[in-house]
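**Student:** With my numbering applied, the sequence shown covers 5 to 61. Just so it is clear, CB atoms sit at the ideal spot from N, CA and C, and this is done for glycine as well. Computed from a predicted structure; not experimentally measured.
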Amino acid sequence: MYFYLINLFILIKLINSQELFASSAELQQLVHVEKEIPKIIENYISLENKRLENLKR
5 MYFYLINLFI LIKLINSQEL FASSAELQQL VHVEKEIPKI IENYISLENK
55 RLENLKR
């Protein structure tokens with residue numbers, strides 16, 4: 005009986021550590037995307053400014 009409880013406890017710990025790893029990996033991806041957002045916005049603004057300049061001509 006104790007053997008099964010110990011195995012169950014180990015299994016739960018492994019699942020929790022895998023969830024933690026998955027959460028950590030997802031957060032790293034989110035930080036990477038968050039760093040790219042200003043570049044994307046700056047590029048969009050630049051393209052829109054060029055488009056507006058073309059419309060003014």
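Rounded to a whole number of angstroms, what is the C-alpha to C-alpha distance between A29 and V35?
**Tutor:** For the purposes of this step, residue 29 is taken as residue 25 along the sequence shown, with counting starting at 1. For the purposes of this step, residue 35 is taken as residue 31 along the sequence shown, with counting starting at 1. Computed Cα separation, rounded: 10 Å.
**Student:** Can you grab the Cα-Cα spacing for the pair E40 / F7, in whole Å?
**Tutor:** The sequence position of residue 40 within the sequence shown is 36, counting from 1. The sequence position of residue 7 within the sequence shown is 3, counting from 1. Cα-Cα distance, rounded: 50 Å.
**Student:** Tell me the DSSP secondary structure of R55 in three-state form.
**Tutor:** As a position in the sequence shown, residue 55 is number 51, starting the count at 1. Three-state result, R55: helix.
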